[in-house]
Structure formats: structure tokens, C-alpha cells
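Novice: Residue numbers (the numbering used here): 1244 to 1428. We put the beta carbon where it would ideally sit given N, CA and C, even for glycine. Remember, predicted model here, so these are calculated numbers, not experimental data. Before I ask anything, let me first share the structure, which is written out below as C-alpha cells.
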């Protein structure tokens, strides 16, 4: 059994020092600690990718806190399941949680339920926000298509491109493109 460590911070301004110290205090050798400094939404995690390649069945990964493994609950669950399939246990130092054994399987099941509830809450908040925006007159979806014939008719009547763009709430460059396409055909 080999022991590895993983530490992650969400922004480049945060420090990994406390997490690394906790991993070393727990017995992880410095050359087996993998780290990532990532932005909140970044999926590019070099340290985690290297760790995934290094671990083998029977190994243990130590992480200081539950929220340091994944960006959100769903991401964390996916990683725990991936490591579990490899026969690799994940232990969270501060939280006293381990994914090995029967209790570990129960933890994974509970965390999966939490992730599902979190997804539902996010969906509810998104829908509430969308409804609120609609009430304020904010439109969603693709912009309406421009009726080329209206642009051409206005232009034939002597209306300038700027005025056409203003009347139809489109970009002036769109008006020029329609006029240019008409001349070319």
C-alpha cells in the first residue's frame, strides 16, 4: 500500500501550504503529493491527472478536506467512484471520512444522494432566475432572424444603412452584409 496526497486551491491567490503540511504530517512523502492551482471552473487539473496515472490497486489517497478533491459534489463523486473502481481508497483528513470498506461504500452512497439534491437545487435556482429575467423583459434563445426583404425594401426606398439597422434593431454590419449579398447575386 502506497500513500499519496492531493491538494487543490481554487484560485492562484490561495496557498497550498496548509494542505501540503497536513498531508506530510499524515505521512505522505513529498514526492507523492500532487497539487493543482485552478480557477473555479477549470477542468484542466494536471496534478490530479498525474495522480490518476500513478495510483494502483491498494493505494490510498489522502486529501485534507472533502471539498478539495472536486470542484463540486458531482465532480467529487465521479472521482471517488473512479478511484474505487481502481481499488484505491480516498481518505479525508479533517473530515474523518474514508471510502474504503463497507462504511466507505455507505459514504459514497450518501454523497451521491447529496450530489443529486445539489443538482436539483441548482436547476431550481436556474429556473427561478430565468423566470425573474423573463418578467424583466430579458429575452432568451437565439436572436430573431433578419427579414432580408425588409432590409432590401427599406434600402430601395432610400433609407440609409444606419437608419435600417436602428429600425430593425440589428447591427449596421448585418445591413451591409445583406446589401452586399444582394449585389453579388
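If you drop the 5 nearest sequence neighbours on each side, which residues of the same chain put their C-beta closer than 6 Å to that of residue 1262?
Specialist: Position 19 of the chain shown, counting from 1, holds the residue named residue 1262. Cβ neighbours of residue 1262 beyond the five flanking positions: 1250 and 1307.
Novice: Tell me, which residues are paired with residue 1272 by DSSP?
Specialist: Working through the chain shown from its first residue, we reach residue 1272 at position 29. Per DSSP, none; premise fails for residue 1272.
Novice: Is it buried or exposed for residue 1368, if we count other Cβ within 10 angstroms and need 16 for buried?
Specialist: Stepping through the chain shown from its first residue, residue 1368 is reached at position 125. Under this definition residue 1368 is an exposed residue.
Novice: Look up residue 1416 in the DSSP assignment and say whether it is helix, strand or coil.
Specialist: As a position in the chain shown, residue 1416 is number 173, starting the count at 1. Helix.
Novice: Only counting the same chain, and skipping five residues up and downstream in sequence, which positions put a Cβ closer than 8 Å to that of residue 1325?
Specialist: If you number the chain shown from 1, residue 1325 lands on position 82. Here the set comprises 1295.
Novice: Please name the residue in 1377, 1277, 1265 and 1273 whose C-alpha comes closest to that of residue 1337.
Specialist: Taking the chain shown and counting its residues from 1, one reaches residue 1337 at position 94. Minimum Cα distance to residue 1337 is reached at 1265.
Novice: Say whether the segment 1304-1318 touches the segment 1265-1276, bearing in mind that this needs 3 or more beta-carbon pairs closer than 8 Å, one atom from each stretch.
Specialist: yes
Novice: I need the DSSP call for residue 1402, collapsed to helix, strand or coil.
Specialist: For the purposes of this step, residue 1402 is identified with residue 159 of the chain shown, where counting begins at 1. Note: residue 1402 maps to coil in three-state DSSP.
Novice: Hey, residue 1394 and residue 1418 are a contact pair by Cβ (cut 8 Å); roughly how many whole angstroms apart?
Specialist: Here residue 1394 refers to the residue found at position 151 of the chain shown. Here residue 1418 refers to the residue found at position 175 of the chain shown. Residue 1394 to residue 1418, Cβ: 6 Å. Contact.
Novice: For residue 1377, which of helix, strand or coil comes out of DSSP?
Specialist: Counting from 1 along the chain shown, the entry for residue 1377 is found at position 134. Three-state DSSP puts residue 1377 in a helix.
Novice: Let me know if residue 1313 comes out buried or exposed under the rule of 16 or more other beta-carbons within 10 Å of its beta-carbon.
Specialist: As a first step, residue 1313 must be located in the chain shown, where it is residue number 70. Flag for residue 1313 reads buried.
Novice: Assuming contact is defined by CB atoms lying nearer than 8 Å, are residue 1391 and residue 1421 in contact in what I supplied?
Specialist: Residue mapping note: residue 1391 aligns to position 148 of the chain shown, counting from 1. Residue mapping note: residue 1421 aligns to position 178 of the chain shown, counting from 1. Contact: yes.
Novice: Give the range of the alpha helix (DSSP H) segment to which residue 1386 is assigned.
Specialist: Looking up residue 1386 in the chain shown gives position 143. No alpha helix (DSSP H) contains residue 1386, which DSSP labels as neither H nor E.
Novice: Can you give, in chain order, each stretch of the beta strand (DSSP E) that sits fully within the segment 1307-1351 and has at least 3 residues?
Specialist: The beta strand (DSSP E) runs of length 3 or more contained entirely in the segment 1307-1351 are, from start to end of the chain, 1332-1335.
Novice: Going straight from the alpha carbon of residue 1319 to that of residue 1274, what length do you get?
Specialist: Here residue 1319 refers to the residue found at position 76 of the chain shown. Here residue 1274 refers to the residue found at position 31 of the chain shown. Pairing residue 1319 with residue 1274, the inter-Cα distance amounts to about 23 Å.
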